[in-house]
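To convert, note that position 3 of the sequence shown is 3 in UniProt numbering; the numbers rise steadily by one, no gaps.
Inspection log for the structure reproduced underneath, given as structure tokens.
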Amino acid sequence: MHCVWCDQVIIQEMSWSNIFFLQKPKNLCDKCENKLEILSGNRCKRCSRASEADECNDCLWWAKQFNGQDPLEASYSIFTYNSLMHDLVAKWKYRGDYHLANAFQQIFKETFVKHFTNLHKGAVTIPIPLSAERFSDRKFNQAKVLADFLPLKQINIMNRIDSEKQSKKTRKERLSTKNPFSITEKVNKPVILVDDIYTTGTTLRHAASVLKENGCPHIYAYTLIRG
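Right, dumping it as structure tokens:
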């Protein structure tokens, strides 16, 4: 087995627990794994941003945009967007190395089970969709790849009409972006939106607001990275 990033040989230690619990082989070597930074310290309870207060200034601002009722009840992320993660995501999303997602499969699933299993029974996941143009360019949706790792029912009822890359926009441009989402049917159960990265929160709140306007009772988000 080789590290999916640096190609170093990974020597997997064999043990009865590995065999008994059918643990999957590691996809990143210890050196690369140790360069990734898991979120720690005091965090905003709504968006996982570093914050001494329960809610950060960004989330307080978002609540004002929705008359005090933020449609996104909470968002949980795993990693910071450091230099290695930036390079991994660029290679995964923009250069088509689909298999890189496997490096995060185990931690993405285990962290989800820890933080979301008891949140609401009957919840479903919705991966944030790409526009048709972006999907045609990329050939896969990274949010759906991540959602496929999770043990909840997934529904794909959301469409996206914009095509401009969010990564090319400034923070101000992202915050002022018009809502590009629509849904094909209403959802009367809790939803967990899944995406690769939370940056300004615009994308997730646009998606959440469409669901809320159509009767969804509770909306949460789960992302691999907090930008």
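Glycine included, each C-beta is placed from N, C-alpha and C at the ideal position.
By the 16-neighbour rule on beta-carbons within 10 angstroms, residue 172 is exposed. Under the 8 Å Cβ criterion, the segment 139-152 does not count as touching the segment 172-187, having fewer than three qualifying pairs. Here residue 226 is near residue 49, since their CB atoms are less than 8 Å apart.
Contact between the segment 81-94 and the segment 191-198 is present: three or more C-beta pairs spanning the two stretches fall below 8 Å. Shortest Cα-Cα distance from residue 220 to any of 139, 149, 132, 119 involves 119. Checking the DSSP bridge columns, you'll see residue 193 partnered with 126, 221.
When DSSP states are grouped into helix, strand and coil, residue 74 belongs to the strand group. Residue 154 has 125 as its beta-bridge partners, per DSSP.
Taking all protein chains shown into account, residue 158 has 16 or more neighbouring C-beta atoms within 10 Å of its C-beta and is therefore buried.
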